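Enquirer: One structure is given below, represented as structure tokens, and several questions about it will come after.
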Amino acid sequence: MGEGTGNGVLADSKSAEEWLWHAQELVPMALDKARKVKGFPGRWKIIIFKLGQVPSRLSDLSSHPFFSKNALCKEQLQAVSKTLKEAIELADLCLKEKYEGKLKMQSDLDALSGKLDLNLRDCGRLIKTGVLGEATLPVSLVGSSSESETATHGHLKELLARLQIGHLEAKHKALDSLVEIMKEDEKGVLSVMGRSNIAALVELLTATSHRIREKTVTVICSLAESGSCESWLVSEGVLPPLIRLVESGSTVGSVSQAAAASTLKNISAVPEVRQVLAEEGIIKVMINLLDCGILLGSKEYAAECLQNLTASNENLRRSVVSEGGIRSLLVYLDGPLPQESAVRALRNLVGSVSMEDLVSLGFLPRLVHVLKSGSLGAQQAAALTICQVCRTNETKKLVGEAGCIPLLIRMLEAKSNSAREVAAQALSSLVTVSQNCREVKKDDKSVPNLVQLLDPSPQNTAKKYAVSCLASLSSSKKCKKLMISYGAIGYLKKLFEMETPGAKKLLERLERGKLRCLFSRK
1 MGEGTGNGVL ADSKSAEEWL WHAQELVPMA LDKARKVKGF PGRWKIIIFK LGQVPSRLSD
61 LSSHPFFSKN ALCKEQLQAV SKTLKEAIEL ADLCLKEKYE GKLKMQSDLD ALSGKLDLNL
121 RDCGRLIKTG VLGEATLPVS LVGSSSESET ATHGHLKELL ARLQIGHLEA KHKALDSLVE
181 IMKEDEKGVL SVMGRSNIAA LVELLTATSH RIREKTVTVI CSLAESGSCE SWLVSEGVLP
241 PLIRLVESGS TVGSVSQAAA ASTLKNISAV PEVRQVLAEE GIIKVMINLL DCGILLGSKE
301 YAAECLQNLT ASNENLRRSV VSEGGIRSLL VYLDGPLPQE SAVRALRNLV GSVSMEDLVS
361 LGFLPRLVHV LKSGSLGAQQ AAALTICQVC RTNETKKLVG EAGCIPLLIR MLEAKSNSAR
421 EVAAQALSSL VTVSQNCREV KKDDKSVPNL VQLLDPSPQN TAKKYAVSCL ASLSSSKKCK
481 KLMISYGAIG YLKKLFEMET PGAKKLLERL ERGKLRCLFS RK
């Protein structure tokens with residue numbers, strides 16, 4: 001709205017109808033004076049054209065059924081009246097040629113033209129936003145709960161409309177209020193959020209004030225997290241300004257960078273927009289954020305974004321590899337607590353490069369580091385990555401030599417079913433190489449941990465891999481004795497009945513070994 005209206009109604013006693021009448025009275029006066037001015041003809045011609053559009057916009061507002069009941073209408077009429085009064089004053093100065101200087105008057109006329117543009121646009125937006133359909137009564141005057149909900153709903157719609165209307169400072173105040181309300185009632189805000197409101201927020205991402213950008217990106221981040229607005233955000237052009245915010249991160253705007261990265265991460269979870277993101281240059285930006293991000297959270301968002309982008313698109317995988325993404329992800333994993341997203345992103349990428357290249361980049365030592373120090377999710381992702389890269393015996397040998405086997409054996413003791421399963425799966429792949437099999441046999445915990453995973457309960461999803469591992473170890477008399485002593489035969493009988501692959505063969509082998517022991521004792 002016009003300058004000086006701020007974010008609320010001015011302290012005066014005029015009604016909306018009185019402000020309408022006042023504005024309608026000022027229009028012909030402004031036009032009459034403007035047409036008499038001889039100086040600055042080009043500028044006044046444009047101003048006269050814009051003044052001529054004001055009556056129809058006022059008519060649009062006054063014809064709305066809720067015209068007199070909405071606070072925004074009154075504020076808008078105040079703004080229009082102020083601009084019209086300024087036009088009359090500038091026309092008087094030009095007619096009397098009593099202005100300070102030609103350049104200053106040119107600047108004043110340009111500012112007037114801009115204010116008229118703003119007034120005309122805002123009158124149109126008041127109609128388009130639909131906010132005039134709400135009578136904005138103070139929530140404190142409302143009685144019943146249903147009336148309270150209606151009033152709150154109307155207040156939110158008015159607040160969102162203010163993001164589209166008026167000067168930047170008024171929008172900033174509205175943004176402050178919106179941020180506070182979202183802390184208490186995010187669902188309520190989302191329920192009234194429309195496409196035009198999202199377009200207004202996207203516009204504020206390019207504001208000159210970093211404070212406004214920071215608050216705006218916080219709101220947009222919440223919208224993206226809700227999972228209901230991604231398509232609107234993308235169609236309203238949110239990607240370029242978000243990517244620029246990530247690129248321009250500094251100590252001043254580090255919070256904005258993190259929120260922008262989080263938003264892009266959430267948007268990248270939608271498969272249909274991943275190619276659009278790539279075309280906007282997101283891959284290079286996220287890899288650079290992994291390398292140079294100021295906040296650790298920003299780097300994590302970058303890793304999650306790369307994980308999403310590379311989930312199913314081979315072209316995007318190749319792009320990440322060609323931009324140096326594997327090296328950046330591996331360096332990121334050197335941290336004290338490696339996170340799951342970076343390992344999952346690597347897992348998506350390892351099939352697109354040779355094992356020789358991975359080894360030269362230090363892939364295996366980082367994998368060991370994750371198995372030692374990473375979160376449980378990261379350890380699981382690392383075990384799955386081992387399953388994926390172990391396509392040849394030579395690779396399996398390299399993984400074993402790197403020191404992964406003892407760590408995978410310890411993972412068999414994890415409380416999580418899924419963690420035990422992926423560890424057993426990785427071991428079942430590695431033990432097909434004799435060198436690795438010998439190392440597993442030497443570990444005192446391998447057989448006890450694997451036998452525990454023969455438990456036939458439905459919750460235990462690792463049993464088929466445990467059977468496979470134990471079958472490879474059963475060539476050793478010592479291992480067979482250990483399996484029998486820890487109760488493997490009882491478990492295997494139940495697994496045989498459940499038709500678990502390999503259970504019958506292993507059971508027969510152990511029972512023969514048990515008979516031999518009995519005969520040798522006799």
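Quick note: the sequence shown uses full-length UniProt numbering, first residue 1, plus one each step. All residues carry an ideal CB built from backbone N, CA and C; glycine is no exception. None of the values given here were measured: they were computed from a predicted structure.
1. Can you name the start and end residues of the alpha helix (DSSP H) that V359 belongs to?
2. Quick one: give me the first and last residue of the alpha helix (DSSP H) that P501 is part of.
3. With three or more C-beta pairs closer than 8 Å as the rule, is the stretch 184-200 touching the stretch 103-115?
4. From I326 to V320, what distance separates their C-alpha atoms?
5. If I'm right that S268 touches C221 with Cβ under 8 Å, what's the distance once you round it to whole angstroms?
6. Given this structure, state the Cα-to-Cα distance separating V451 from Y465, to the nearest angstrom.
7. Quick one, which of A303, V353, L277, A207 has its alpha-carbon nearest N288's?
8. Taking the alpha helix (DSSP H) that T216 belongs to, which residues open and close that run?
9. Using three-state DSSP, classify R509 as helix, strand or coil.
10. Among the candidates S457, V399, Y486, whose CA atom is the shortest distance from the CA of K494?
11. Rounded to whole angstroms, what is the Cα-Cα separation between T216 and V202?
12. For the structure I just gave you, are there three or more beta carbon pairs, one from the stretch 37-45 and one from the stretch 12-19, closer than 8 Å?
13. In whole angstroms, what separates the C-alpha of A71 from that of N313?
14. Check whether the Cβ atoms of V192 and V234 lie closer than 8 Å to each other.
15. For M286, collect the residues of the same chain with a Cβ closer than 7 Å to its Cβ; drop the 5 residues on either side in sequence, then sort them by chain order.
16. How is the alpha helix (DSSP H) around P338 delimited, first residue to last?
17. Check each candidate in R366, P338, I386 and name the one with the smallest Cα separation from G351.
18. What is the rounded straight-line gap between the Cα of V219 and the Cα of N436?
19. In chain order, what residues of the same chain lie with their CB nearer than 6 Å to the CB of K445, ignoring the 5 residues before and after it?
20. Is it the case that the stretch 89-102 contacts the stretch 117-130, given that we only count it when at least three CB pairs across the two stretches are under 8 Å?
21. So, for I47: in the same chain, excluding its five sequence neighbours on each side, which residues have a beta-carbon less than 8 Å away from its beta-carbon?
22. Taking a contact to mean a Cβ-Cβ separation below 8 Å, would you say A462 touches G502 in this structure?
23. With a 10 Å radius around its C-beta and 16 neighbouring C-beta atoms as the bar for buried, classify V431 as buried or exposed.
24. Using the three-state DSSP reduction, which class does T206 fall into: helix, strand or coil?
25. Between the Cα of L412 and the Cα atoms of G400, A426, E401, which residue gives the shortest distance?
26. Please give me, in chain order, every unbroken run of the beta strand (DSSP E) with length at least 3 that falls completely inside the stretch 365-403.
27. Give me the Cα-Cα distance between K477 and D443, rounded to the nearest whole angstrom.
28. With distance defined between alpha-carbon atoms, name the residue in F496, D455, E508, E497 nearest to K480.
29. If you check the beta carbons only, do I294 and S254 fall under 8 Å apart?
30. Which residue spans inside the stretch 430-511 form an unbroken alpha helix (DSSP H) run of at least 4?
31. Give me the residue from L398, H210, V433 with the minimum Cα distance to L168.
32. For K504, which residues from the same chain have a beta carbon less than 7 Å from its beta carbon, with the 5 sequence-adjacent residues on both sides left out?
33. Give me the residue from G227, G377, S434 with the minimum Cα distance to S475.
34. Find the nearest neighbour of P336 within the set L296, E511, Q164, C229, judged by alpha-carbon distance.
35. Residues in its own chain within less than 8 Å of L510 by CB, not counting five upstream and five downstream?
Expert: Working from what's here:
1. 355-360
2. Neither: P501 is in no alpha helix (DSSP H) and is coded neither H nor E.
3. no
4. In a straight line, the C-alpha of I326 is about 8 Å away from that of V320.
5. Contact flag wrong, Cβ pair sits at about 13 Å.
6. Within the model, the alpha-carbon separation for V451 versus Y465 is close to 11 Å.
7. A303
8. 210-226
9. helix
10. Proximity to K494 across S457, V399, Y486 peaks at S457, based on C-alpha coordinates.
11. 8 Å
12. no
13. 51 Å
14. no
15. A302, C305, L306
16. Where P338 is concerned, there is no enclosing alpha helix (DSSP H), given that its DSSP letter is neither H nor E.
17. I386
18. 52 Å
19. I409
20. With the rule of 3 Cβ pairs closer than 8 Å, the stretch 117-130 does not count as touching the stretch 89-102.
21. A34, A87, L109, L112, S113, L116
22. no
23. buried
24. coil
25. A426
26. none
27. 15 Å
28. E508
29. S254 is positioned such that its CB atom lies closer than 8 Å to that of I294.
30. 434-442, 446-452, 463-473, 477-485, 488-497
31. H210
32. F496.
33. S434
34. L296
35. Closer than 8 Å at Cβ, skipping near neighbours: S474, K480, M483, I484, A488, I489, L492.
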